[in-house]
Structure formats: structure tokens, C-alpha cells
């Protein structure tokens, strides 16, 4: 282990002290270092993939097991409507009057009769149609209200079940912390009982162990959590588009439909009650009279009967007042929903601020650990006590970030609940801050590493530099001068550091037809070592190019096409200048995975932007990488400023630096 002291040492959260332990300090230090590094890497791995929007959708639109329905009530109203609709007002009537009972002259129905009658007004056909329509509207209103109620229940249920989505991460991180602190506690315990440290120092890891065990016990004991099936997700930090949600509230179709149906009910009721026929009855009948007493009055009679109440004074109408009240209630409810949504949004912003601060705490703790790893790679001495304090700080920050995210998502869920708006990805804004990859450098970075530079630095130094400068892609020159053994090891280790490697090769003469076989053979040979090939073929220095540039460029496009046909699966990239014809750039862009635009010989961002935009007319944005040179910029700060300006002006997100020395300050 680098940096080990030659005398016996005891790890403490407060530092090393001389100790008469029976085991060597080296073995203790190595054990603690390996334990701390493993805990750090496991924690960092659990924070990966924090930009997946599908995790957001899974949390905020998850199915809920709370069952509720007003379908029976709706069905009962629909049945009542159907019953009224089927009643057309037809009636069968019959009567018999004995001879010795005086007949009411108003009835004029004879002694015995059978009658078919059709009631049209009150309690008849038209009244039944009104009742059928009214019950149907009541059923529709209840259905819409049930839908809104189900929406509320779903989001209330998600509020209570939100911890299920974060329990996996909480369980995993606390398990890592427990294992890490148990190793620390073992050393502290030996130190305390050997008289080499104090009780308060022992209590530090003991407290963390106690809390971690309590958390794990709580998670395992929760009956709502199947701990064996919990997913390990770290969803992104999110915000919502408040303007879009408020607009959706105004356009809520269910809310508007409920209001429309209620208004129609009042209008129909007013029309029914305000009609001059209100309370009137009109009946058509066909009656057969039977002369059972031989009175000579047997006949078939058809007729109509009207009954209309007579009232004095104007009849009061409440319809206008009801409609006005309905509009006021609708406006007030909409205002209340929007106000509650704004209040919920303020609460969300407060939590978003806390969560963002926690993200930066994680990043700072990670940066501290990155420096520790860099020191280790460079064989610099380390204080194992300080290392373990940093590991603990990183794990604690990760746990608290998970808790902050859980509360953040609860508040986002609350917005959809009070707004009565269904979740949709269009309302979500993802925070671009990634907890595991943030070096204050926008975009994706590549770097050319020439043989002399590659041989000068150890692989460990290169990997440390790559992580420090957020470099994700190394284009390593594989000429005769490169250390082949070191290159092979570098390519083998690169994947562990999430770094892609392309072998950089090429000569100007390869563009000529007579040298294509030589180029194909070189690519074939290098392809055995890795699937990334970068072609650095610059034919503009050739005499043939000056004499006939069109022909040379045609030959170059044929070469690149031939390489792609022979090696369809390799990651093929190519350097090009900005002044090549559009058709050449387009043809080359079709056959390679990335086109590296050599934006050299100027530091003027406007000039470079114009060149980029010209090339973008022929090369897709996702394939374009803008390469810049150190000699065009005095400092790394100027280079970074140019990259930021170019990204804003052109939309390009992929950049490359021509030489490594701008980062090593050679």
C-alpha cells in the first residue's frame, strides 16, 4: 500500500497514534484502505444512471392498489334514465259502475268501459323524456366526478407508496455503510481496549453502526416492502413546468365537462319549470263502452282531455340565480386549484434547492475521493484516517441525497394531485447535474495523445488526468515510437475507467489509389487490438492533391468506404478540414461514426462557429466533433471559454483537443 509508515500505527477517525499492537500497521492500513475503496466504488456505482427519464415515469405514474369506484351509483342512475326513456306514457284503463250508484256526470264514462290512453305532459311522455335526460346527465356527472376522485386517490396512494421506489437505494447504501463502519469499529475497539484511544473516538463508528442497523431493520420489517424485490434506482433530480401545468388546469376536459353537464341540467330544469304547461296534463284516449245494463249507450269513443292549473301572479324563477352561482363556483374552484398548485410549486422549489445543495455535497465528497485515488496512483503518501473520513462523508452524502430526492418526488407528486392533472413527461424538467460525472466542463471530450506524450506518462497518471479533466475518449497514436506493451495495458484498463480508446493512424499518401491496400492492411492489423480506429489522413500536402484535389478526395472517400465495408462493426472516426466540398464531407460522414473537424489556426469563436455551421450542412450534429489546438489558445481557461461559446452558438456537444500538453501545462 503506497504511503505506509515503517512504524506501528493505529487508525482513528482523528488520526494515527503509535500503538503496541501485535499486528503490523501495514496490514491494518491495507485492510482499511481496501475496505474504504470498495465502499466508495460501491456507493459511486449505486449513483450511476441518474438521468433516466423512464425512472421518473415509473415513480410518478405507478399503478396503485387502492381500489375505489362509483360505478354502481352511475349504473343505478343510467338504469333510472333507461326506465323513464322506455315509459312513453301509454296506459290501459277499465271501469265498471253498478246501476244503483249515481254516476259522476264529469266522468261520462258509462257503466262499463275499456280505454287506451296516452299521457303527453305532466307524468306523461314529455315529462318522462325530460326525466330520462336528467338522470342520464346525473350519471355522466357522477362518472366524471368519479374519474376526478380516482385521480385524487391514485396520487394520494402514490404519496404513501413513494418510499418503495427509494427503499432499494436506501437499503443498499446503508448496507455499504454498515459494512464499512464495522471494519472501522473493529480497529477502534482494539485501540480503545489497548489504551491507544478514547471512548468518544470509539463512539463515532458505534453510532453509525447503530443507526445503519436501525434503518436496515426498519426497511426489512416494513410489510409494504418486499426487500428481496426492491429495484436499485437513483432517479434524476427534476422540476416541473408550472406554466404548462397551469395551462392544463385551464383546459381540464373532465372539469369542463362536469361544469357543462351541470349547466345543461339547470337550463333544462328551468325550461321545464318556467313553461306555461308546467303542471298541466293532456291525455288522448280511445275508449270502448259496453252496455251491460241495456241502457242503449254502447259505443267506441276517441277524445282528448286537458287539465291546466290556473295561477295568479308571476311565477318566481331560480334558474338565473342557479346559473350565476354555478359559474361562481366553477371559477372559484378553478382559482382554488391553481392557487393550491402554486403553493405546492413553492414547496417544490424549496426542496429542489435543498436537493441541489445535496447533489453538490456528493460531488464535493466525490472530488475529495478522486484526489485520494490520484495520490494513490501517483504513489503519494496518504493518511488512512483522513481517507476513511472522506469515504464516510461520501456515503453519508449519498444517503442524504436519496432522502432528499424522495421528498422532492413526493412534492412533485403533490403538484399533480392538487392540480388534478394526469402525469405526462412533457411537464417534467430534468436537472442536468449528474452526481457522478461533473467536472465543470460541458460536453463530451476527446484528446489526441501522440507517442512521445503517451510514453512519458504512466497509465495511472493518464487515467488520473482523464478523470480530472473529464476526458472520455483517447485517440492514441500507434506509430513505431509508441510503447506497444504500455499501449496494450492502457487499452485493457481503459474500460474500468469508462474511457474509450481509438488507435490513431494514417499517412497522407493513403488517400491515393495506389496506397489503398497499404492502408487497408494497417487498419486490419490494428483492428486486432481494439475496435476503435481514427484515421488521420491529410492529403492536402501531396503534390497530387494540389494538381487534382477532386480526384484525390474521390480516392479518399473510396478508401473510407472500403474500410467500412471490410469492418462494419468498428468505431471508425476521421479528421477533416473545414474547406472540403460538401459532397465529400457528406460521403465521408455516411461511412464513419464521427467526423473530427480540424478547427485550427484561429481562436476567434465567430470564425470557428461559421466553419462549424458550414460543415453541419453536410454532417449530422450527432457525428460532428470539433477539434481545437493548444497553440491557438494561451491557456486552458481560454480553451474552455471557447468550447462553451461554440456549444451555445452551434449546438455541438463533442469536442477534442489536439494535444495533451494543454492539460499538463508543458
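Numbering (our numbering), first residue to last: 5 to 670.
Just so you know, even glycine gets a beta-carbon here, dropped at the ideal spot from N, CA and C.
task = Would you mind working out which of 493, 397, 596 sits nearest residue 178, comparing C-alpha positions?
result = Taking the first residue of the chain shown as position 1, residue 178 is located at position 174. Out of 493, 397, 596, the CA that lies nearest to the CA of residue 178 is found in 397.
Fill in: Under the three-state DSSP convention, the category residue 190 falls into
Sequence index remark: in the chain shown, residue 190 carries index 186 (1-based). Residue 190: helix per DSSP, three-state reduction.
Inset, instruction - Return the CA-CA distance between residue 376 and residue 386, expressed in angstroms with no decimal places. - result: As a first step, residue 376 is located in the chain shown; it is residue number 372 there, counting from the start. As a first step, residue 386 is located in the chain shown; it is residue number 382 there, counting from the start. Roughly 8 angstroms between the two C-alpha positions.
When the Cα atoms are used, what is the spatial distance from residue 392 to residue 56?
The residue labelled residue 392 in the question sits at position 388 within the chain shown. The residue labelled residue 56 in the question sits at position 52 within the chain shown. C-alpha separation (whole angstroms): 31 angstroms.
Next item on the list: Specify the secondary structure class of residue 667 as computed by DSSP and reduced to three states.
Entry: The sequence position of residue 667 within the chain shown is 663, counting from 1. Helix, per DSSP.
Checklist line | For residue 507, the first and last residue of its enclosing alpha helix (DSSP H) | finding: Indexing the chain shown from 1 puts residue 507 at position 503. Element bounds for residue 507: not the alpha helix (DSSP H) but the beta strand (DSSP E), 504 to 509.
List, from N- to C-terminal side, the beta strand (DSSP E) runs of 3 residues or more that fit wholly inside the segment 460 to 519.
Counting whole runs of 3 or more residues, the segment 460 to 519 contains the beta strand (DSSP E) stretches 475 to 481, 504 to 509.
Next item on the list: Please go through the same chain and pick out, in chain order, the residues whose beta-carbon is closer than 8 angstroms to the beta-carbon of residue 660, but skip the five residues on each side of it.
Entry: Sequence index remark: in the chain shown, residue 660 carries index 656 (1-based). These residues qualify, in order along the chain: 449, 450, 451, 452, 477, 479, 600, 629, 630, 631, 632.
Next on the checklist: With H, G and I counted as helix, E and B as strand and the rest as coil, what does DSSP make of residue 542?
Outcome noted: Within the chain shown, the letter at position 538 stands for residue 542. Assigned with DSSP and collapsed to three states, residue 542 falls in coil, not helix or strand.
From the DSSP output, in three-state form, read off residue 286 for me. As a working mapping, residue 286 is identified with position 282 in the chain shown. Secondary structure of residue 286 (DSSP, three-state): strand.
#### Entry: Own chain partners of residue 176 with C-beta closer than 6 angstroms, once the 5 adjacent residues on each side are dropped
If you number the chain shown from 1, residue 176 lands on position 172. Within the same chain, residue 176 has close Cβ partners 50, 236.
- prompt: Just how far apart, CA to CA, sit residue 110 and residue 267?
  reply: Looking up residue 110 in the chain shown gives position 106. Looking up residue 267 in the chain shown gives position 263. Residue placement at residue 110 is flagged as unreliable, the pLDDT there being 47, under the threshold of 50; a coordinate-derived value is accordingly withheld.
| Which residue spans inside the segment 112 to 179 form an unbroken beta strand (DSSP E) run of at least 3? | If one requires a minimum length of 3 residues, the beta strand (DSSP E) runs lying completely within the segment 112 to 179 are 116 to 123, in chain order.
- How many Å lie between residue 551 and residue 372 at the Cα? The count along the chain shown starts at 1 and reaches residue 551 at position 547. The count along the chain shown starts at 1 and reaches residue 372 at position 368. Linking residue 551 to residue 372 through their CA atoms gives a straight-line distance of about 58 angstroms.
query: In three-state terms, what does DSSP make of residue 577?
result: Position 573 of the chain shown, counted from the start, is the residue given in the question as residue 577. Judged by DSSP in its simplified three-state form, residue 577 adopts strand.
Checklist line | Inter-residue Cα distance where the pair is residue 410 and residue 42 | finding: Here residue 410 refers to the residue found at position 406 when the chain shown is read from its first residue. Here residue 42 refers to the residue found at position 38 when the chain shown is read from its first residue. So the two alpha carbons sit approximately 26 angstroms from each other.
Output the distance between the C-alpha atoms of residue 173 and residue 224, rounded to the nearest integer angstrom. Residue mapping note: residue 173 aligns to position 169 of the chain shown, counting from 1. Residue mapping note: residue 224 aligns to position 220 of the chain shown, counting from 1. So the two alpha carbons sit approximately 13 angstroms from each other.
Do you know offhand how far residue 195's Cα is from residue 202's? Position 191 of the chain shown, counted from the first residue, corresponds to residue 195. Position 198 of the chain shown, counted from the first residue, corresponds to residue 202. So the two alpha carbons sit approximately 8 angstroms from each other.
- Compare the Cα-Cα distances from residue 369 to each of 440, 339, 408 and report the closest residue. For this step, residue 369 is matched to residue 365 along the chain shown. It is 440.
| Do the segment 73 to 81 and the segment 415 to 424 touch if we need at least three Cβ pairs shorter than 8 angstroms? | Fewer than three beta-carbon pairs drawn from the segment 73 to 81 and the segment 415 to 424 are found closer than 8 angstroms, and the two stretches are therefore not classed as touching.
Note to self: Taking DSSP's pairing of strands, which residues face residue 243 in a bridge?
What the structure shows: Residue 243 sits at position 239 when you count from the first residue of the chain shown. The partner list for residue 243 (beta bridge, DSSP) reads 433.
Helix, strand or coil at residue 616 according to DSSP, with G and I counted as helix: In the chain shown, residue 616 corresponds to position 612, counting from 1. In this structure, residue 616 counts as helix in the three-state DSSP scheme.
Output the boundary residues of the beta strand (DSSP E) element that contains residue 307. Against the chain shown, residue 307 aligns to sequence position 303. For residue 307, the uninterrupted beta strand (DSSP E) segment begins and ends at 303 to 311.
| residue 510 classed as buried or exposed, judged by whether at least 16 other C-beta atoms fall within 10 angstroms | The sequence position of residue 510 within the chain shown is 506, counting from 1. Classification of residue 510: buried, given that the 10 Å Cβ count is 16 or more.
If you compare alpha carbons, which of 340, 401, 333 is closest to residue 364?
Numbered from 1 along the chain shown, position 360 holds the residue referred to as residue 364. The residue from 340, 401, 333 with its alpha-carbon nearest to that of residue 364 is 401.
Collapsed DSSP secondary structure at residue 652 in the structure displayed: In the chain shown, counting from the first residue as 1, residue 652 sits at position 648. If DSSP states are grouped into helix, strand and coil, residue 652 belongs with the helices.
* Asked: Roughly how many angstroms lie between the CA atoms of residue 353 and residue 362, to the nearest whole one?
  -> The sequence position of residue 353 within the chain shown is 349, counting from 1. The sequence position of residue 362 within the chain shown is 358, counting from 1. Going by the C-alpha atoms only, they are around 14 angstroms apart.
**Q.** Residue environment, residue 507, which counts as buried when at least 16 other CB atoms sit within 10 Å
**A.** As a working mapping, residue 507 is identified with position 503 in the chain shown. Counting other Cβ atoms within 10 Å of its Cβ, residue 507 reaches 16 or more and is therefore classed as buried.
Give me the Cα-Cα distance between residue 170 and residue 58, rounded to the nearest whole angstrom. Here residue 170 corresponds to residue number 166 of the chain shown, with the count starting at 1. Here residue 58 corresponds to residue number 54 of the chain shown, with the count starting at 1. Those two C-alpha atoms are separated by around 15 angstroms.
Review point. Between residue 576 and residue 596, which are expected to be in contact by the criterion C-beta below 8 angstroms, what is the C-beta distance as a whole number of angstroms?
Key: Locating residue 576 in the chain shown gives position 572, counting from the first residue. Locating residue 596 in the chain shown gives position 592, counting from the first residue. With 8 angstroms as the limit, residue 576 and residue 596 qualify as a contact, their Cβ atoms being about 5 angstroms apart.
### Message
Given a cut-off of 8 angstroms on the beta-carbon distance, is the pair residue 482 and residue 244 in contact?
### Response
Numbered from its first residue, the chain shown carries residue 482 at position 478. Numbered from its first residue, the chain shown carries residue 244 at position 240. No; because the gap between Cβ atoms is not below 8 angstroms, this pair is not in contact.
| message | Since residue 291 and residue 117 should fall inside the 8 angstroms C-beta cutoff, what is the C-beta to C-beta distance between them, to a whole number of angstroms? | response | Along the chain shown, read from residue 1 onward, the residue named residue 291 stands at position 287. Along the chain shown, read from residue 1 onward, the residue named residue 117 stands at position 113. Between residue 291 and residue 117 the beta-carbon gap is near 5 angstroms, inside 8 angstroms, which marks them as a contact.
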